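The structure appears below as structure tokens.
Residue numbers (my numbering): 138 to 519.
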């Protein structure tokens, strides 16, 4: 894992080296301030300025399992993946958004726990992180599966969509993301179970303030984890209920159709668009608009048989992980029911103790009343 981190860490940029340090030296300024500090030969202020420009580090994994670290700004990523700004905000680690899977024209936006990535037909762009869960649970696993598929059939197997075991690249990347998220949540649920049941049994035998406080914290963690699991489950269920969203996520087929449309367009128009000066009217936007119109006509003329098969293929993939996440949710629901039963049992015990105290108080009151009666009778008789 340490070798993978060192390989995925971006190289230190030369543009942020403080070249003025040699000229300025250690001579203080007129205000008595020292020059900007150097950290390992890197100007810290220059590095902060570079980060302020919006560059983010991404891990890129292509269809051949090649890994590369790139630095791309927000607008370049929007143009590269044809995504709006609001979709990229879902991947921003500074904000906390619920788990989301969005199918767009040329990409799938995935936000599942710590895995925040953009999946296209040719690559996966994952926000660079030193978290072992992200590197080991997603990047390494995706590389291993892509290498295994290449070893089985190579590029011929990749393009042979008639094979019963064939899965497009975007579905393989989505499957690894779903598996990593479901495994992570199930591991947290199991860890919570191991901690909860002995604590609840101890609370039943010994009701104390410390045990009650531990159970309260445990229940808060259970509620937070249940909400996260329910959100992932609802997101998968919502995708399975909407055939349009599932068809939108088949990026390889759409890219293949796009290539066919580009090849079917007349070459004269293409050569004119590249040779003529670019203007706001005759720009690649017009070509893209014409391509989108032609693509919509081509899609409408397509038979629905292939789309139905693709939807069924993705639906079976989602159903498998829906069962896994639903099992995790049932595990948490059972734990919550056990906590509720424990609370009911403790309330019954407390009610019993309270009834015993009331009964004892009633006996004392009765005894006091009898003694008072005897005192009044003895006083009256002299």
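Ideal Cβ placement from N, Cα and C applies to all residues, glycine included.
Here the structure is a predicted model, which means the values were calculated and not measured.
Nearest to residue 369 by alpha-carbon distance, out of 463, 497, 259 and 386, is 463. In this structure, DSSP gives residue 204 an extended state, which the three-state scheme calls strand. Taking residue 279 as the centre and dropping the five residues before and after it, the same chain places the C-beta of 198, 202, 261, 309, 310 and 313 closer than 8 Å to its C-beta, in chain order. Per DSSP, residue 399 lies in no beta strand (DSSP E) segment; the continuous alpha helix (DSSP H) that holds it begins and ends at 388-401. Straight-line measurement puts the Cα of residue 475 at about 57 Å from the Cα of residue 513.
By the criterion of a C-beta distance shorter than 6 Å, residue 365 is surrounded by no residue of its chain, once the five residues flanking it on both sides are discounted. Residue 456 and residue 264 have their C-alpha atoms roughly 27 Å apart.
Fully enclosed alpha helix (DSSP H) runs of no fewer than 4 residues occupy 380-385 of the stretch 350-394, in order along the chain. In the DSSP annotation of this structure, the continuous segment of the alpha helix (DSSP H) that includes residue 342 starts and ends at 306-342. Within the model, the alpha-carbon separation for residue 484 versus residue 353 is close to 15 Å. Only residues of its own chain outside the window of five on either side were considered, and among them 202 have a CB closer than 7 Å to the CB of residue 284, listed in chain order.
As computed with DSSP, residue 240 is found in a beta bridge with 245.
Pairwise C-beta distances place the stretch 231-247 in contact with the stretch 379-394, as three or more of them are shorter than 8 Å.
Following the DSSP letters along the chain, one finds residue 194 in no alpha helix (DSSP H) but inside the beta strand (DSSP E) bounded by residues 193-199.
Selection 373, 215, 259 and 397 evaluated against residue 235 yields 373 as nearest (Cα-Cα).
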